[in-house]
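Positions in the sequence shown are counted from 1; adding 420 to them yields the numbering used here. Virtual Cβ for every residue (Gly too), placed ideally from N, Cα, C. A quick write-up on the structure given underneath.
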Amino acid sequence: MRALDIIQDEHRNLWRIATTMVLIADEMEQGGTVDEGFFEALFDYIREFMDGCHHSKEDDYLFAAMRRRSPEAAAKVLDRLEAEHRNGPQILAEMRTHLGQAPGALTHDTVFIAALREYASNLKAHVRAEEKEAIPLAREVLTEEDWIDIDVAFSDNTDPLFGELARAEYRELYHRIAMLAPESIGLGGQSAGGFRHLAADPHEALLKVTGLESCYGRIKALKGIDLEVKKGELVALIGANGAGKTTFLRTLSGVQPMSAGQIEFAGVNISNLRADLRVRRGICHSPEGRQVFGPMAIEDNLRLGAYTRPRDQLDEDLERVYAMFPILKEKRSLPAGTLSGGQQQMLAISRALMGRPKLLLLDEPSMGLAPLLVEEVFNVIKTLKAQGITILLVEQNAFAALGIADRAYVLETGSVTLSGTGREMSSNEQVRAAYLGM
Ligand SMILES: Nc1ncnc2c1ncn2[C@@H]1O[C@H](COP(=O)(O)OP(=O)(O)O)[C@@H](O)[C@H]1O
Ligand SMILES: [Mg+2]
């Protein structure tokens with residue numbers, strides 16, 4: 421039932437969008453001004469993604485099959501949901517008519533703000549009804565053959581409307597929303613920048629760790645880790661607090677000593693190499709808790725990430741990260757400490773990108789971020805992967821991490837206890853119970 425995974429993933433997305441609309445309404449009621457570009461991007465996203473794709477696919481495949489199998493039970497649940505699907509675009513179009521006023525006027529447009537709240541609350545009710553009524557009914561009445569057809573429809577990746585290409589466009593739109601949303605919930609930028617998609621490198625082992633151990637005094641925090649990351653792969657490392665995830669990343673980047681084992685990078689044993697020489701080889705680390713230098717200007721923080729790079733390429737690299745995160749450019753001479761949490765996370769990732777990583781180590785990038793930005797961080801990670809950067813991602817947000825990872829490892833008190841593809845892991849009962857809260 422791949423289709424249900426996809427639908428529920430999309431529901432989480434829509435829920436974040438609805439939550440964001442409420443936060444925006446709060447912000448405007450407190451007198452905050454919100455860029456119109458934000459609403460343009462938001463409404464485009466809803467129109468293209470939700471109305472244009474998610475809903476129509478539900479209607480045509482899932483709901484249609486339910487009506488065939490169990491017309492009466494289906495009608496009770498689906499009549500209302502389908503009516504909401506039909507009416508959605510009109511309501512959205514009405515909200516759009518409020519755009520185009522004088523700058524700042526939206527803040528005092530109480531009708532618009534009320535409409536935003538109502539839309540968000542209806543969207544949440546709609547998602548809830550699908551999760552609590554429609555999906556359970558579908559599980560009950562549909563047959564194996566029904567699911568085969570529905571799964572094919574939902575996972576069709578060559579489809580111009582629903583395939584990978586279309587998803588990349590949604591990511592662009594989502595990126596614009598996160599960029600232009602006010603600082604309290606988004607990145608608070610004036611411009612949205614762009615993502616560049618480059619082809620990934622072919623797969624071959626880039627990192628090979630064998631029997632890795634590391635200690636704090638007498639306590640062994642890593643007890644013989646074997647782990648491999650292939651070129652172009654996105655590998656997630658999940659595990660409870662205190663499992664040793666941060667210690668593992670720090671050992672890879674050479675700031676934490678190892679007591680046994682070997683680290684091989686691009687075919688070379690780097691176990692005894694100093695941290696700065698590992699950066700020079702392309703192992704770049706965005707640490708837990710961001711650790712940006714607060715009093716130092718944003719651009720100087722970025723320069724720090726490039727300390728191993730040739731000087732003459734610095735400007736070009738700065739422009740690359742500024743294109744991705746225009747807010748950092750807008751604020752480049754301000755102290756990094758003035759940035760919001762989400763902006764600081766983007767700075768921490770950008771600082772690592774300034775080292776031109778071959779292997780990017782990300783330690784809990786979504787920790788403590790607003791919902792819109794949690795999604796945006798995963799968005800950014802997907803884009804970095806699409807640009808050919810190999811990534812080792814440590815996350816507490818196991819669901820989202822497994823959703824984008826090619827493969828994953830579970831770490832428990834210093835040992836790897838499970839590994840597999842992202843999809844295998846997210847359907848593994850043990851993982852679901854322990855890390856996905858199911
Ligand atoms: N600086 C330190 N001194 C002593 N013990 C530490 C230190 N840092 C981490 N530990 C211990 O090592 C284990 C692994 O911690 P950590 O790598 O931070 O885990 P995670 O990132 O998975 O939450 C924990 O038991 C933790 O208490
Ligand atoms: Mg940690």
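Proximity to residue i [Cα-Cα], best of the options
i	options	result
A695	K552, L672, V572	L672
S679	Y636, T666, L543	Y636
A612	M441, G775, L593	L593
G644	T630, A485, Q610, I426	T630
A461	K496, Y590, P509	Y590
V561	A494, A545, R596, A540	A494
S835	G659, A726, G457, R776	G659
A573	I427, A525, V531, T841	I427
G664	I639, I690, P777	I639
A806	R587, G520, L642	R587
E514	A641, N799, E538, A818	E538
Y829	G823, A820, A821, G840	G840
A833	M448, G662, H474	Note on identity: in this sequence residue 833 is Thr, with Ala being the wrong assignment. Minimum Cα distance to T833 is reached at G662.
I533	R827, D737, D446	D446
S634	T758, Q676, L759, D576	Q676
G687	D737, I703, A625	A625
C704	D783, D735, Q682	D783
M599	I809, I747, G823	I747
A818	A853, T803, G609	A853
Q682	V655, G709, L697, L632	L632
D566	L536, L642, D480	D480
P602	V454, I555, I568, N692	V454
I809	P730, R467, L627, N689	L627
R559	A423, G709, I466, D499	A423
Beta-bridge partners of residue i, as assigned by DSSP
i	result
F685	L627, V688
A717	P755
D783	V814
G840	A828
V655	L812, R827
A558	None, per the DSSP bridge assignment.
S634	L642
I703	L779
Simplified DSSP assignment, three categories, for residue i
i	result
A660	coil
L831	strand
H474	helix
E708	coil
S673	helix
L734	helix
Y481	helix
G520	coil
I605	coil
M421	coil
V851	helix
W435	helix
V649	strand
A513	helix
A680	strand
L793	helix
L618	Here L618 scores only 49 on pLDDT, less than 50, and its place in the model should not be relied on; the value that follows carries that caveat. It is coil, neither helix nor strand.
A612	coil
S770	helix
F459	helix
R548	helix
T666	helix
T563	coil
S846	helix
Q450	coil
Pair within 9 Å by beta-carbon distance, residue i and residue j
i	j	result
A717	R752	yes
M421	D571	yes
E458	I597	Residue 458 is actually Phe in this sequence, not Glu. Result yes, Cβ atoms of F458 and I597 sit closer than 9 Å.
S846	L838	no
R436	E815	no
N721	A743	no
M441	L543	yes
E653	R827	yes
G725	S770	yes
F668	L557	no
L792	T439	yes
L526	L519	yes
S604	S490	no
L482	A554	yes
L657	L813	yes
Quiz: which residues have CB nearer than 7 Å to ligand 2 non-hydrogen atoms:
K665, T666, E708, D783, E784, V814
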